[in-house]
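Student: First, the structure itself, so that you have it in front of you.
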Amino acid sequence: MARRSRRASKDGKLSRIRGLVLRLAAVASMLAIAYGGYLAWMATSEFEGRRWDIPAQVYASPLELYTGRALSVEDLVAELKGLGYREDPRLIGPGTYRAGLARLEIATRGFSFAGDTEPEQLVAISFVGGRIAALRDSSGSRTPIVRLNPLLIGSVFASHGEDRLIVAPGDIPPLLTDTLKAVEDRRFDSHFGVDP
0 MARRSRRASK
10 DGKLSRIRGL
20 VLRLAAVASM
30 LAIAYGGYLA
40 WMATSEFEGR
50 RWDIPAQVYA
60 SPLELYTGRA
70 LSVEDLVAEL
80 KGLGYREDPR
90 LIGPGTYRAG
100 LARLEIATRG
110 FSFAGDTEPE
120 QLVAISFVGG
130 RIAALRDSSG
140 SRTPIVRLNP
150 LLIGSVFASH
160 GEDRLIVAPG
170 DIPPLLTDTL
180 KAVEDRRFDS
190 HFGVDP
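Put into structure tokens, the structure is as follows:
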């Protein structure tokens with residue numbers, strides 16, 4: 000009978016230890032799940048509001064002016080107007096120009112583009128036969144090339160009513176999805192997400 004009581008007390012201790020370990024494991028699991036849920040909530044709330052915060056802007060190449068380029072005064076004035084330059088006989092500041100019959104003076108805007116920085120400058124351009132004959136800076140020295148700020152082609156920023164919008168899959172024209180598949184992943188419909 001003493002053996003049974005020892006064995007029973009030993010079994011009772013083991014079952015209590017097992018029960019304690021199981022309870023601790025259950026509590027640890029619940030804490031881990033709660034912490035994982037908290038991290039998921041934090042990540043979602045952090046990134047959800049900033050999904051489209053930074054606008055993507057698409058620019059054309061900067062307009063390059065150089066001696067010999069085929070370009071008339073009228074064509075260059077049209078380009079300047081497209082870039083937001085305005086005619087001002089006094090050339091009061093950057094973004095202004097003064098036009099003559101075969102001469103154009105421009106107060107260019109400074110800008111950064113693709114790692115290069117173009118300073119603001121005063122430039123006099125002479126034209127002969129629909130071509131640029133000479134480029135001179137404000138000191139009268141010849142300059143080999145002048146770059147005008149690039150034209151902003153588009154801006155993608157949905158929170159301001161522009162072109163980045165989330166649409167339902169049913170709202171996307173089939174031609175667009177077919178074109179994307181043809182260009183990006185021709186075997187899109189025949190694999191499970193990774194195309195070897």
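Residue 68 in numbering that gives the first Met the number 0 sits at position 69 of the sequence shown, and the numbers go up by one each step. All C-beta atoms, glycine included, are put in the ideal place defined by N, C-alpha and C.
1. How many angstroms separate the CA atom of G139 from the CA atom of A123?
2. DSSP on G153, reduced to helix/strand/coil?
3. Using alpha carbons as the reference points, say which of Q56, Y34, G11 lies closest to S154.
4. Give me the Cα-Cα distance between G94 and P61, rounded to the nearest whole angstrom.
5. Starting from E63, trace the beta strand (DSSP E) both ways and give me its first and last residue.
6. To the nearest angstrom, how far is it from the Cα of A42 to the Cα of F187?
7. Measure the C-alpha to C-alpha separation of E117 and N148 and round it to an integer number of angstroms.
8. Decide yes or no for the touch test of the stretch 121 to 137 against the stretch 99 to 112: beta carbon pairs closer than 8 angstroms, at least 3 of them.
9. What three-state label does DSSP hand A101 in the structure shown?
10. For L79, count the other beta carbons within 10 Å of its own beta carbon; 16 or more makes it buried, fewer makes it exposed. Which is it?
Tutor: Well, looking at it:
1. The residue given as residue 139 occupies position 140 in the sequence shown. The residue given as residue 123 occupies position 124 in the sequence shown. Approximately 8 angstroms between the Cα atoms of the pair.
2. One-based indexing of the sequence shown puts residue 153 at position 154. The answer is strand: DSSP assigns G153 an E or B state.
3. Numbered from 1 along the sequence shown, position 155 holds the residue referred to as residue 154. Residue Q56 is the option with its Cα nearest to S154.
4. To locate residue 94, count along the sequence shown from 1; it is residue 95. To locate residue 61, count along the sequence shown from 1; it is residue 62. A straight-line Cα-Cα distance of about 15 angstroms links G94 and P61.
5. In the sequence shown, counting from the first residue as 1, residue 63 sits at position 64. Element bounds for E63: 62 to 65.
6. As a working note, residue 42 is residue 43 in the sequence shown. As a working note, residue 187 is residue 188 in the sequence shown. In this structure, the straight-line span from the alpha carbon of A42 to that of F187 is close to 30 angstroms.
7. Taking the sequence shown and counting its residues from 1, the one referred to as residue 117 is at position 118. Taking the sequence shown and counting its residues from 1, the one referred to as residue 148 is at position 149. For E117 and N148, the distance between alpha carbons rounds to 8 angstroms.
8. Yes: the two stretches touch, three or more of their Cβ pairs being nearer than 8 angstroms.
9. The residue you call residue 101 lines up with position 102 of the sequence shown. Taken through DSSP and simplified to helix, strand or coil, A101 comes out as coil.
10. Position 80 of the sequence shown holds residue 79. Looking at its Cβ environment, which holds 16 or more other Cβ atoms inside 10 Å, L79 is buried.
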